[in-house]
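Asker: In the UniProt record's numbering, the protein residues as written are 1 to 1049.
C-beta: ideal position from N, C-alpha, C; glycine also.
Here the structure is a predicted model, which is why all the values come from computation and not from measurement.
The structure's right below; bear with me while I get my questions together.
Pasting the structure below:
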């Protein structure tokens, strides 16, 4: 931007002087506009002349080449004494056809390039337009105004294969602008009129210039005529009908190919993504592989789009599952570097071992189905270029404990010893059994844990609170169990026909079950509509109450034996109708909205998820979970043990029970596959012997909340005592950043940042020339000086989510994201990846989370913005802070965000919903300078937020729920909320029984703890850190000292 600015200034620079006798006063824009227009016209004319000269030179070369060929032919004909007139004409005709074909080919290539450039420019302008018109954008609504946009779950997986990221829907695109400047001015006025509008009015009526993504798209997708400021790009193409047979869509692939790319292999695949199944092509390059969606391979091996060539997939049933989107929809090409591949697993699709799931380091994954066992050579090729995949990609059953001989601990070993949580172990088993988020027919399976959905409080010490994990859902009550046994005994075994002997003809996991449970969250709402024929189900059959869902699956409904999905244990967003879908009205007049939670959840989705996860990790469930694993993944999944356990399903659900002959009959095969696609399939059996139980915990259920037996410091806050002497002491300035390593504690001064994951390199800033440096922590010497930051003014803060990314912010109001490469104490490069605009004053604090893929920036203008770390785009804003932002923190386990402004502490969700806030009000010296979350056992209610203040006191805050005031009294306290607070995502608390509050749990004052006196001039707290085992709290102050607070005894 700076270079372009200099070029524009040099081009349009002019001197304007007032002539004698002319009127005095400042020169207006209208007076100098003709001069600017003249300069612009000259520059444009020079550009046109240069382009014409290039085209003329190219045309002359082609004409001379053709003329030379004709003259050569004439000379040859002249030398031949026996040449007749007819032969001469035939030779000329041949050369004419050659020349015509050559020019036709050149024209085709030119028009394909022209179309690709149009598409590229349209895409670029679309992104630019979205950036200009978004919230806090240059031409967007005023500060604090929210645009109505829904939320969608991101497909990226985080720790433990969770998918916790929630993103805004695709940004708006503008309607088609008229070409005239007056029309543009009218549209601009629409934006101006909406600037400064309050949130309530904005939510009701947005600027008319904006619309939902895809609302104004033409029938054939995004048209270049939608470009607003480039009318020349929307001119009709002169391409004749003769060239329409050329498959121009393959240019999408050519655009994505790396420079000098060499395609070494091509395979036809089927791409599975949720309910969307499309044909595609897998290309192997030198350093990358490409997945081309919407393309196929011809018999000659050429890549063609699905619009110009018949499908290469031979399976008729899979072909019938292909997405019926518009012809030009679904065409894409994505490039994946080999170095970004993390894992690859063999898996099944429609009961056949024919698929490969590839996981990337950024959390994305791709599910590919192959033909003719081609998944084996595809995996071998990946292993040849990604050595880390060797031996890791093949899915195998977990070895029996008695057969395991040393080496790396298996998941079973870790779970038994308490080194892996129940959730992590279940997710690992689902992965090994081929369960995946990408295929709704094989979605991960989790158990119902609780049977109590009516109590005010959840008693996890009472076994009656829990479901019987030794029995399937169909046998939870004796009455329904007897009915299923009677059904089994009455049905004769008819050799695998539809009336085969079984207890259940429906399954505990299917596409419609998954979509119905997640119907309030995109993209599952669209999946549910697609499966239901375009409309929501009858309201009384929709998922609207957790208790009623349990009653149906465990007792009331003979055709419902469903289990749960992982989201019930980590994602509160699916319980809230944040997209405001009209789900219908029940027969009793109840309008469906948010899911009705049990009383013990206190009406809070976050609290429901926390308690549900706490129940999953409880001692009772840990001692019984192996029995449920036997039912789903183990010895009681099939065979006589399954019959005794009332756990048999229709034979079509089992891949092992289908012989090859049954799949050779096309009619019978289609019947079986249709059954599977509608009702799901049994996971792969992992254990043939009974699963061993988990070792009993050595400590009590009250103290041992997780796999480790080291008590976290926040379990006994009243026992915390500081170290007598500093454990670290800096000479050069205040403590800025602390990291707890495996063996030591790493500490650097203010304006320095340690770079993960080894923490042996630091990034520093704050110099008079606005440069930055990189240095070695061990030697405390700089090895590189970079001037990249100097163009952006004074830098005030920085964050480093991964070793290749640094985020900076400062006086320029811009958040800059940099690509860095460091190798052996050498800086290879530091390049600006993206500049993020949205603040109107200096950026004062930054924090980033790789697990949730977000950046949070706080500014002196009291604004706080969330950015997407992957796409480097705007997500939402956290409004209403009472002062300039001073500190930020992200909980990498729950996604909660803490923002500090003066003495105010706020806690938010990733969607910008305010959970709780408090005005600490400890005087002018009590401003918060740093904060952090405890991140041990995210399901434990004893987790706290720690803040370090300017008065030298560390304050510890916990969350509590209290009964809400009466509505009349509550109305009188609305004004006591955060100053200028606007919360578009805040749920209406009117009529709610519980409210969430931050409560001061403990004050840590070192001077008082050591000398029993409370001094007024304590050094300000500038940094906080928590040890890896959470047994101690590290506190750094402005004097450069670091003290450790640990529990006595």
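Identify every run of the alpha helix (DSSP H) within the segment 649 to 673, keeping only runs that are complete inside it and at least 4 residues long; order them along the chain.
Answerer: You should have 660 to 664.
Asker: Would a check of beta-carbon distances place residue 442 closer than 9 Å to chain B?
Answerer: Reference to chain B is not applicable here, since this structure consists of a single protein chain.
Asker: Let me check one thing: in DSSP terms, what residues is residue 345 bridge-paired to?
Answerer: Locating residue 345 in the chain shown gives position 345, counting from the first residue. Partner(s): 357.
Asker: Please tell me whether residue 648 and residue 501 are closer than 9 Å, where the distance is taken between their beta carbons.
Answerer: Numbered from 1 along the chain shown, position 648 holds the residue referred to as residue 648. Numbered from 1 along the chain shown, position 501 holds the residue referred to as residue 501. Going by C-beta atoms, residue 648 is nearer than 9 Å to residue 501.
Asker: How about residue 484 and residue 643: are their beta carbons less than 9 Å apart?
Answerer: Here residue 484 refers to the residue found at position 484 when the chain shown is read from its first residue. Here residue 643 refers to the residue found at position 643 when the chain shown is read from its first residue. It is not a contact, given that the beta carbons lie outside the stated cut-off.
Asker: If you measure between the beta carbons of residue 443 and residue 509, is that distance less than 9 Å?
Answerer: On the chain shown, residue 443 is found 443 positions in, with the first residue counted as 1. On the chain shown, residue 509 is found 509 positions in, with the first residue counted as 1. Yes, the pair counts as a contact, with Cβ atoms nearer than the cut-off.
Asker: DSSP three-state call for residue 340: helix, strand or coil?
Answerer: The residue you call residue 340 lines up with position 340 of the chain shown. It is helical.
Asker: What residue does the beta strand (DSSP E) around residue 581 start on, and which one ends it?
Answerer: Position 581 of the chain shown, counted from the first residue, corresponds to residue 581. Looking at the DSSP string, residue 581 is not in any beta strand (DSSP E), and its letter there is neither H nor E.
Asker: State yes or no: is the C-beta of residue 939 within less than 9 Å of the C-beta of residue 616?
Answerer: As a working mapping, residue 939 is identified with position 939 in the chain shown. As a working mapping, residue 616 is identified with position 616 in the chain shown. In this structure, residue 616 lies closer than 9 Å to residue 939 by Cβ.
Asker: Please confirm whether residue 815 and residue 857 have their CB atoms less than 9 Å apart.
Answerer: On the chain shown, residue 815 is found 815 positions in, with the first residue counted as 1. On the chain shown, residue 857 is found 857 positions in, with the first residue counted as 1. Going by C-beta atoms, residue 815 is nearer than 9 Å to residue 857.
Asker: Please classify residue 639: is it buried, with 16 or more other beta-carbons within 10 angstroms of its beta-carbon, or exposed?
Answerer: Position 639 of the chain shown holds residue 639. Exposed, because fewer than 16 other Cβ atoms sit within 10 Å of the Cβ of residue 639.
Asker: Distance, Cα to Cα, residue 665 vs residue 542?
Answerer: Position 665 of the chain shown, counted from the start, is the residue given in the question as residue 665. Position 542 of the chain shown, counted from the start, is the residue given in the question as residue 542. Going by the C-alpha atoms only, they are around 38 Å apart.
Asker: Out of 250, 347, 275, point me to the one whose CA is closest to residue 307's CA.
Answerer: Taking the chain shown and counting its residues from 1, one reaches residue 307 at position 307. Selected option, being the one with the closest Cα: 250.
Asker: Under 8 Å by Cβ, that's how I've got residue 1009 and residue 1037 pegged, so tell me the actual separation to the nearest angstrom.
Answerer: Taking the first residue of the chain shown as 1, we reach residue 1009 at position 1009. Taking the first residue of the chain shown as 1, we reach residue 1037 at position 1037. Not quite, the Cβ-Cβ distance comes to about 14 Å (not below 8 Å), so this is no contact.
Asker: Considering only the alpha carbon of each residue, which of 259, 847, 519 lies closest to residue 539?
Answerer: Along the chain shown, one-based indexing puts residue 539 at 539. Looking at the Cα atoms, 519 is the closest of the given residues.
Asker: Does the distance from the CB of residue 865 to the CB of residue 136 come in under 9 Å?
Answerer: Here the question's residue 865 lines up with position 865 in the chain shown. Here the question's residue 136 lines up with position 136 in the chain shown. Cβ atoms of residue 865 and residue 136: closer than 9 Å.
Asker: Taking only heavy atoms of the ligand MN into account, decide whether any of them is closer than 8 Å to the Cβ of residue 295.
Answerer: Of the ligands one can find in the structure shown there are none, so the ligand MN has no counterpart to examine.
Asker: Would you give the residue range spanned by the alpha helix (DSSP H) that residue 122 belongs to?
Answerer: By one-based count along the chain shown, residue 122 stands at place 122. That run of the alpha helix (DSSP H) goes 85 to 133.
Asker: Which value, in whole angstroms, describes the spacing of the CA atoms of residue 852 and residue 807?
Answerer: Residue numbering aside, residue 852 sits at position 852 when the chain shown is read from its first letter. Residue numbering aside, residue 807 sits at position 807 when the chain shown is read from its first letter. C-alpha separation (whole angstroms): 16 Å.
Asker: By the DSSP assignment, the alpha helix (DSSP H) with residue 319 in it spans what residues?
Answerer: On the chain shown, position 319 is the one that residue 319 refers to. Residue 319 -> alpha helix (DSSP H) spans 316 to 320.
Asker: Nearest CA to the CA of residue 576: which residue from 600, 880, 599, 608?
Answerer: One-based indexing of the chain shown puts residue 576 at position 576. Of 600, 880, 599, 608, the residue nearest in Cα terms is 608.
Asker: Check whether the segment 710 to 729 and the segment 1041 to 1049 touch, using three or more Cβ-Cβ pairs below 8 Å as the test.
Answerer: Short answer: they touch.
Asker: Starting from residue 822, follow the alpha helix (DSSP H) in both directions and report where the run begins and ends.
Answerer: As a position in the chain shown, residue 822 is number 822, starting the count at 1. Residue 822 -> not in any alpha helix (DSSP H); beta strand (DSSP E) instead, spanning 815 to 822.
Asker: Over the uninterrupted beta strand (DSSP E) stretch that includes residue 547, give me the two end residues.
Answerer: For the purposes of this step, residue 547 is taken as the residue at position 547 of the chain shown. Counting along the chain, residue 547 falls outside any beta strand (DSSP E), though it belongs to the alpha helix (DSSP H) covering 546 to 551.
Asker: So, with DSSP's three-state summary, where would you put residue 332?
Answerer: Counting from one through the chain shown, the residue named residue 332 turns up at place 332. Residue 332 falls in the strand class under three-state DSSP.
Asker: Could you give the DSSP three-state label for residue 1007: helix, strand or coil?
Answerer: Position 1007 of the chain shown, counted from the start, is the residue given in the question as residue 1007. Looking at residue 1007 - three-state DSSP - the assignment turns out to be helix.
Asker: Please say whether residue 911 and residue 578 have beta carbons closer to each other than 9 Å?
Answerer: Taking the first residue of the chain shown as 1, we reach residue 578 at position 578. Taking the first residue of the chain shown as 1, we reach residue 911 at position 911. Contact flag set, yes.
Asker: Where does residue 416 sit, in a helix, a strand or coil, going by DSSP?
Answerer: Taking the chain shown and counting its residues from 1, the one referred to as residue 416 is at position 416. If DSSP states are grouped into helix, strand and coil, residue 416 belongs with the helices.
Asker: Tell me the DSSP secondary structure of residue 1002 in three-state form.
Answerer: As a working mapping, residue 1002 is identified with position 1002 in the chain shown. DSSP places residue 1002 in strand when its eight states are reduced to three.
Asker: Return the chain-ordered list of same chain residues with a C-beta closer than 8 Å to the C-beta of residue 318, the five sequence neighbours on each side being excluded.
Answerer: On the chain shown, position 318 is the one that residue 318 refers to. Once the five neighbours on either side are set aside, the close Cβ partners of residue 318 are 270, 277, 350, 369.
Asker: With H, G and I counted as helix, E and B as strand and the rest as coil, what does DSSP make of residue 991?
Answerer: Along the chain shown, one-based indexing puts residue 991 at 991. Confidence is the limiting factor: at residue 991 the pLDDT is only 48, short of 50, which leaves the residue's position unreliable and the question unanswerable from this model.
Asker: Quick check: residue 772 and residue 789, are their CB atoms within less than 9 Å of each other?
Answerer: Your numbering for residue 772 matches position 772 in the chain shown. Your numbering for residue 789 matches position 789 in the chain shown. Contact flag set, yes.
Asker: To which residues does DSSP link residue 917 through a beta bridge?
Answerer: Position 917 of the chain shown, counted from the start, is the residue given in the question as residue 917. DSSP output for residue 917 lists 906 as bridge partner(s).
Asker: May I ask you to report which of helix, strand or coil DSSP gives residue 40?
Answerer: If you number the chain shown from 1, residue 40 lands on position 40. DSSP places residue 40 in helix when its eight states are reduced to three.
Asker: Do residue 304 and residue 282 come within 9 Å of each other at the CB atom, strictly closer than that value?
Answerer: For the purposes of this step, residue 282 is identified with residue 282 of the chain shown, where counting begins at 1. For the purposes of this step, residue 304 is identified with residue 304 of the chain shown, where counting begins at 1. Going by C-beta atoms, residue 282 is not nearer than 9 Å to residue 304.
Asker: Leaving out five residues before and five after residue 481 in sequence, what residues of the same chain have Cβ atoms less than 8 Å from its Cβ?
Answerer: Position 481 of the chain shown, counted from the first residue, corresponds to residue 481. Excluding residues within five positions, the ones whose Cβ falls inside 8 Å are 471, 474, 475, 646.
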